[in-house]
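**Q** Chains as they are written, first to last, in the working numbering: chain E, 111 to 399; chain C, -17 to 523.
Backbone N, C-alpha and C define an ideal beta-carbon position, used for all residues, glycine too.
Quick caveat, the model's predicted, so the values are computed rather than measured.
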Amino acid sequence: MIEVNEMPQRKVLAAGTAAKTTDVKMANYVPQAAGPEQQLPAIIRADRFSLYYGSHAGVKDITFDIYPRAVTAIIGPSGCGKSTFLRSINRMNDLIPNTRAEGTLCVNDVNVYDRRINLANLRQQVGMVFQKPNPFPKTIYANVAYGPRLQGVHGRALDEQVEQCLRHAALWEEVKDYLDRSALGLSGGQQQRLCLARALATQPNVLLMDEPCSALDPIATAKIEELIISLKDEYTIVIVTHNMQQAARISDRTAFFCLGELIEYDQTKVIFTNPVRKQTEEYVTGRFG
Amino acid sequence: MKYALRQTADKLFTVGALLAVVLIVAALAGILLPMIWRGSSAVVFRGTVEFRRMQMEQFGHGDSAAVNAELAQVAPIRQKAYEILDRFSAGLDTTELVSRIRQIHRQFGAQLTNREVPPDQYETARDLSRMLRDELLAALDAPDGALALPHLDAVLAHDQDAALKDTAAGAYFDIAREYRRIATSVDLPRREEYAQSLAKISEAMKGLLGPRPGQPVPEGGAMQRYGATRWDQAQQQLDQLLWDEQWVSQGPGRPLKKVLTPRAQQFAGTPLAELFPYVQQNAAAMLGPRWTFYGRFFTDDNVSSHYFGGVGPETLGTLLVTVLAVVVALPLGVVAAAYLVECAPDTHSTRALRTCINTLAGVPSIVFGLFGQAFFMLYLLPKFGLRRDSSIIAGSLTLAVLVLPVVIRASEEAIRTVPRAFREAALALGAGRLHCFLTVTLPAALPGILTGLILSMSRAAGETAPILFTVAVASGPVPRSLAQPTRTLSYGCYDMAVGDRIAMLAPHNLFGMVVTLVAIVLLLNAAAIALRGRVARRLRG
């Protein structure tokens, strides 16, 4: 079984299974010390990656690299395959029957569509925040603790981890006295930040965000955006958004998808000021899409 | 115009819907309220001293000193009624008198032999005795008082005969005097009629007051041992006592007509006439009715197949069987539903399976009963060393199979309606499918699953046919293990309703049983609804 970037906590649990399988052990991803981001090797690499729903291609022939410790935005009109690509990275598309992948999609140099991949491990490494806030109908504490508990964290360590994640998600001050209340009692923005805290609690390297602000009001959106910017020092963030201003505000790089194909991928300021492709220019200026 | 039409249609729809609701409520009230009213009379009623005596003797409930004191208090009042009855019935029962007269004659003959009376005196004395005997018998035979009197006078003429002094023959004159009194006061030709009526009166008296003190305890169970235990029963017995009921033919092909005549009128002029006003006025004093709350109805065993007592073992059996059935059916049903929703591929066979489950929900329950008998009782359980006989476990398993489709349907629906977002979130955090189901999907689906539980519990508690062959008995000891049969409320109701005249004699007990069943179902439901409410509130936050 292939472990992507095995976690320290995970080692104890996985030790038994790891010995038996034809393991391709990956070294932990060690980000190099500060420097220009271009020097860091890409953490997610898509190489001629296509995903088919039955016979229809959701995305086709995508080739691009996503760099760590940066925010990468994926923009494009509806139905262009942004979400499909994003959900391929942690293989959430498996829930849809009759999907088929071609090409390679590597996270930390491990092909996620390898049959031997340890899905649980992959999904712990690649956290996800969904379009609509979807906290579990459990207490706030139980929501954040869900991931760590899966990894076998208990007791005081769990309490600390929950607190730390809630602080990271800038939610701690608002909910610290109500940890045993149902998460469904929170406002939409708070719920989305809770989902973010929950995703952070598995200690991932990559955070996938599928239009995280589309169901929120501008104030809650601003908070999430702030949060994303503050988190990019530690995490690799891939965000799908319909909101081009948002992409321009928070992302370092932007990919423009159209009709399942990657049209253009470059530094955000290049995409928004001086795109190479005409299609991109029309889209970002609002003449198309 | 069109707008007005649409508004009218809307209003009509509202009125129609309201009417339907009102109709349903009225029908429910029309069925339930009388049932509850009659059933509640099993628990709250005016109990007589006979009831308290029965409770003390049969169940050991109540204060024996107080009951005995009460019995002692009513005894003299009852005694007077018995005396009136005795005084009248003495003259009517001529067969006894005839045998007594013949006995006197034999005794007298024996006395004469013992005293060694000279032969001539012996002859005259014996002839005299024979004459007196025949005169008396003739008087008793006489169809009319006027015809009997000369015979009696002829007997009484020998009242002072020296030959008969201090002999057994003296008893002739007592009988003659007593009978003379009757013959002058009672209408002798109506003697037959009186005798019949008297038997009915004695029966009614027995129903009202129980067997007479001093008489042997009648055979035939506790039912015969007590008078009217309830004031409403006492009223019925009193009616029997006070009114003569006759069915008169109204001609060929027409129904008989009931004619009620007061017995006081029937017996007017006889010594018995005073019995009726006496009993009527003193009925309450003789029985001491008092409002009673018989809470032990729900825990007491019954006596004389539900003539007395309560529904304790039935209640226990119903609870046991129902809860056990649900305990078996719930995990099975949830696992099956989980498979159908989470794992089963969308193929023809899965769809066929689902159709089968839906069809199973509509199969008549008697089929399940026969299946349970054939499979669980006769085949499966004997393999585990149980006897091939009805047992709680066989019945519960049968009921579990019966409610399984309902549980599966409800659980499937509940699991299916859990938002996909929850599942996705759990999977995205690295949870496995089983873990995701157990920690996220199942808790979120719990309210819906509990709804299925409520439905199945009500069904299991009320079913009669499936337990007919597998667990239920009409009477028997309280089960000591799950391998024994038990009584249940549903089967008890059925048995009582179709069984014999007990349902007619003690309708309150039948309805009490029905209402207990309804109450149990409602209680179980209330518990499940409260549980569901708690779970749902916890989910909602």
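Check the Cβ of L409/C against every Cβ in chain E and list those closer than 8 Å, keeping chain order.
**A** Here the neighbours are M202, L205 and R233.
**Q** Measuring CA to CA, which of A442/C, D135/C, V453/C and M439/C is closest to L360/C?
**A** The shortest C-alpha separation from L360/C is found at V453/C.
**Q** For the ligand FMN, is there any heavy atom lying closer than 7 Å to the beta carbon of V199/C?
**A** In the structure on display, the ligand FMN does not appear, and there are no ligands present to speak of.
**Q** Can you list, in chain order, the residues of its chain with a C-beta nearer than 7 Å to that of I18/C? Leave out the 5 residues immediately preceding and following it.
**A** Within the same chain, I18/C has close Cβ partners V497.
**Q** With a cut-off of 8 Å, does the C-beta of F419/C fall near any C-beta of chain E?
**A** Not closer than 8 Å to any Cβ of chain E, the Cβ of F419/C fails to qualify, so no.
**Q** Using a Cβ-Cβ cut-off of less than 7 Å, list which residues of the segment 254 to 276 of chain E approach chain C; keep chain order.
**A** Listed by position, the residues of the segment 254 to 276 of chain E near chain C (Cβ gap below 7 Å) are Y256, G257 and L260.
**Q** Is A454/C helix, strand or coil by DSSP?
**A** A454/C: strand per DSSP, three-state reduction.
**Q** Output yes if chain E places a C-beta closer than 8 Å to the C-beta of V323/C; else output no.
**A** False, the Cβ-Cβ gap to chain E never drops below 8 Å.
**Q** Just to confirm before moving on: does the CB-CB distance between F404/C and A320/C stay below 8 Å?
**A** In this structure, A320/C does not lie closer than 8 Å to F404/C by Cβ.
**Q** For C323/E, which of helix, strand or coil comes out of DSSP?
**A** It is coil, neither helix nor strand.
**Q** Whose CA, out of L131/C, R194/C and I183/C, lies closest to the CA of I164/C?
**A** Closest by alpha carbon: L131/C.
**Q** Count Cβ pairs between the segment 284 to 291 of chain E and the segment 309 to 316 of chain E that sit closer than 8 Å; are there 3 or more?
**A** The answer is no - the segment 309 to 316 of chain E does not touch the segment 284 to 291 of chain E, with fewer than three Cβ pairs under 8 Å.
**Q** Quick check: is the beta carbon of R303/E nearer than 8 Å to any beta carbon in chain C?
**A** Judged by the 8 Å Cβ criterion, R303/E is not in contact with chain C.
**Q** Within the segment 314 to 390 of chain E, note down every full alpha helix (DSSP H) run reaching 4 residues or more, in order along the chain.
**A** Entirely contained in the segment 314 to 390 of chain E, the alpha helix (DSSP H) runs reaching 4 residues are, in chain order, 328 to 341, 354 to 360 and 378 to 383.
**Q** Taking only beta-carbon positions, decide if N208/E is within less than 8 Å of chain C.
**A** No, because no Cβ of chain C sits closer than 8 Å to the Cβ of N208/E.
**Q** If we ignore side chains and look at the alpha-carbon of each, how far apart do D204/E and L301/C end up?
**A** Roughly 46 Å between the two C-alpha positions.
**Q** To the nearest angstrom, how far is the alpha carbon of V348/E from that of L196/E?
**A** Looking at the two C-alpha atoms, the distance is approximately 8 Å.
**Q** Beta-carbon within less than 7 Å of W282/E's beta-carbon, same chain only, minus the 5 sequence neighbours each way: which residues are those?
**A** Answer for W282/E: E273 and L276, listed in chain order.
**Q** In terms of residue numbering, what span does the alpha helix (DSSP H) encompassing M572/C cover?
**A** Here chain C has residues from -17 to 523 only, and residue 572/C is not among them.
**Q** Going by C-alpha to C-alpha distance, which of Y162/E, K192/E and A156/E sits closest to V350/E?
**A** Ranking the options by Cα distance to V350/E, first place goes to K192/E.
**Q** Can you pull the chain C neighbours of N308/E, defined as C-beta to C-beta under 9 Å?
**A** Asn is not the amino acid found at residue 308/E; the sequence shown has Arg there. Those within 9 Å of R308/E in chain C are A407 and L411.
**Q** Any beta-carbon of chain C closer than 8 Å to the one on S193/E?
**A** Cβ-Cβ to chain C under 8 Å: no for S193/E.
**Q** For the alpha helix (DSSP H) containing S472/C, list its first residue and its last residue.
**A** Element bounds for S472/C: L471 to V480.
**Q** Using a Cβ-Cβ distance under 8 Å, would S198/E count as near chain C?
**A** Output row for S198/E: interface = no.
**Q** Could you please tell me which residues of the segment 422 to 448 of chain C, in chain order, have their CB closer than 8 Å to any CB of chain E?
**A** Correct list: V422, P425 and A426.
**Q** Which of the three DSSP states is assigned to N221/E in this structure?
**A** Looking at N221/E - three-state DSSP - the assignment turns out to be strand.
**Q** By a C-beta neighbour count over all protein chains shown, 10 Å radius and 16 as the cutoff for buried, is G262/E buried or exposed?
**A** That one is exposed.
**Q** Mind checking if A403/C is an interface residue toward chain E, Cβ cutoff 8 Å exclusive?
**A** Taking Cβ atoms only, chain E reaches closer than 8 Å to A403/C, which makes this a yes.
**Q** For the candidate residues A392/C, L464/C, S372/C and L10/C, whose alpha-carbon lies nearest to that of A456/C?
**A** Of the listed residues, the one whose Cα sits closest to A456/C is S372/C.
**Q** Just the Cα atoms here: how many angstroms apart are T468/C and M478/C?
**A** Cα to Cα, T468/C sits roughly 16 Å from M478/C.
**Q** Taking only runs of the beta strand (DSSP E) that begin and end inside the segment 267 to 305 of chain C, which ones reach a length of at least 3 residues, in chain order?
**A** List check, beta strand (DSSP E) in window: 272 to 275.
**Q** Starting from the Cα of L310/E, find the closest Cα among G299/E, L337/E, E371/E and S297/E and give me that residue.
**A** Selected option, being the one with the closest Cα: L337/E.
**Q** Would you mind giving the Cβ-Cβ distance between G394/C and V323/C, rounded to the nearest angstrom? I have them listed as a contact below 8 Å.
**A** Per the sequence shown, residue 394/C should be read as Glu rather than Gly. Going by Cβ atoms, the distance from E394/C to V323/C rounds to 6 Å, so yes, they are a contact pair.
**Q** Compute the Euclidean distance between the alpha carbons of G44/C and N50/C, then round it to the nearest angstrom.
**A** Using only the alpha carbons, I get a separation of about 11 Å.
**Q** Note down, in chain order, each residue of its chain lying with its Cβ closer than 7 Å to the Cβ of P245/E, except the 5 sequence neighbours on either side.
**A** Excluding residues within five positions, the ones whose Cβ falls inside 7 Å are N253, A293, L294, Q301, L304 and C305.
**Q** For A129/E and G414/C, I'd like the C-alpha separation in whole angstroms.
**A** With a pLDDT of only 35 at A129/E, under the threshold of 50, the placement of this residue in the model should not be trusted; the figure read from the coordinates follows. Each residue's Cα considered, the two are about 20 Å apart.
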